[in-house]
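Trainee: Could you have a look at this structure, given as structure tokens, before my questions?
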Amino acid sequence: MFHQQDISVEEKLRTLYDLQLIDSLVDEIRSIIDSIPLQVKAIENEVENIQKKYKEIREEIKEYDKAIQQEKDLIKEYEIFIKKYASKQYKVRNNIESLDKEIEFKELEIELCHKKWKKIKSKKDKKKNFYANFAALYEKKKEYLSNKKKEFEKILEKQEKKKNFLLKKAYIFSKRIEPRLLQIYSRIRSRTKLAVVPIKKGAPIGSFFTIPIQVCLDIAQRNMIVMDEHSGRILIDPVLAEEESIKIYTNYKTK
């Protein structure tokens, strides 16, 4: 327990809790600032994955084009072959039946090539539609990313201003606290972020351990600084906490 002669214990408690509230607001802002790069990275990864997918589809379409061209080339070869063998039919009398079979076989090959061609083209057309959808989605996501980055830049700028404003206020409040008490506050906050907490339903906020009734009465009287024996936090009564919360949030939270 700590005492100081120049200012009342109640004033010390109020100042400590004011500092805690401001520091907690700074923590919230830092959390927002830290989360923004992660949000941007998540969107960037999404855009990259879409881009990768539509590039893969584009390569598949190119492969279909190659396959179609191969079938077209084969058809030309077979047509040349048929013309060549057809001209021989007029020049030779032997093996006409064999030539007819060869021509018939090549005609079947041409028919098969046409079927393959149509089948590949059907797959290609589906892929082209799929590609068009992915390309549109990619452009949409790129625009979304660009807009989000601009939005995040504004948020960052605003939050940085709020943080700097609150840090200045925190510094002012810290100067009102005696060095030894401020050192204790800083040590506790470095572990749990919460160094000063009110009692709620018989227990400190953030703890399951109840406080003895006599200790709760001592805290409510505000004539001594009481620390929780389990967490080491400085304890205050809920009425004081509500009064200071209204004051701090009204004056600083929306700045």
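Quick note: the sequence shown uses our numbering, first residue 44, plus one each step. Using N, Cα and C, we set each Cβ at its ideal position, and we do this for glycine too.
1. Assign Ile118 to one of three DSSP states: helix, strand, or coil.
2. Tell whether a beta-carbon distance below 9 Å holds between Leu59 and Ala213.
3. May I ask you to list the residues that DSSP assigns as paired with Leu278?
4. When the Cα atoms are used, what is the spatial distance from Lys290 to Asp271?
5. On the DSSP bridge list, what partners appear for Ala246?
6. On a CA-only basis, which of Asp77, Val90, Ala85 is nearest Lys183? Give me that one, please.
7. DSSP three-state label for Ile254, please.
8. When the Cα atoms are used, what is the spatial distance from Ala284 to Pro241?
9. Just to confirm my understanding: we take Lys156, look at its own chain, exclude 5 residues before and 5 after, and list those with CB closer than 6 Å. What are they?
10. On the three-state DSSP scale, how would you describe Glu150?
11. At which residues does the alpha helix (DSSP H) containing Ser51 begin and terminate?
12. Out of Glu53, Ile125, Gly245, Ile79, which has the shortest C-alpha to C-alpha gap to Glu147?
13. Can you grab the Cα-Cα spacing for the pair Glu287 / Leu278, in whole Å?
14. Specify, as a first and last residue, the run of the alpha helix (DSSP H) that Ile227 falls within.
15. Check Arg219 in the structure and name its three-state DSSP category.
16. Spell out a yes or no on whether the region 173–192 and the region 92–102 are touching, meaning 3 or more CB-CB pairs, one atom from each, closer than 8 Å.
17. Could you tell me the alpha carbon to alpha carbon distance between Ala85 and Asp49, rounded to whole angstroms?
18. Leu209: buried (16+ other C-beta within 10 angstroms of its C-beta) or exposed?
19. Could you give the distance in angstroms between the alpha-carbon of Leu56 and the alpha-carbon of Arg276?
20. To the nearest angstrom, report how far apart Lys197 and Gln82 are at their CA atoms.
Mentor: A quick look at the data gives this:
1. helix
2. no
3. Val240, Val269
4. 25 Å
5. Lys243
6. Val90
7. coil
8. 6 Å
9. For the sequence presented, residue 156 should be read as Cys rather than Lys. For Cys156, where only same-chain residues beyond five positions count, the Cβ hits under 6 Å are Glu114, Leu117, Ile118.
10. helix
11. Premise fails: Ser51 is in no alpha helix (DSSP H) and is neither H nor E.
12. Ile125
13. 14 Å
14. 222–235
15. coil
16. yes
17. 54 Å
18. buried
19. 12 Å
20. 14 Å
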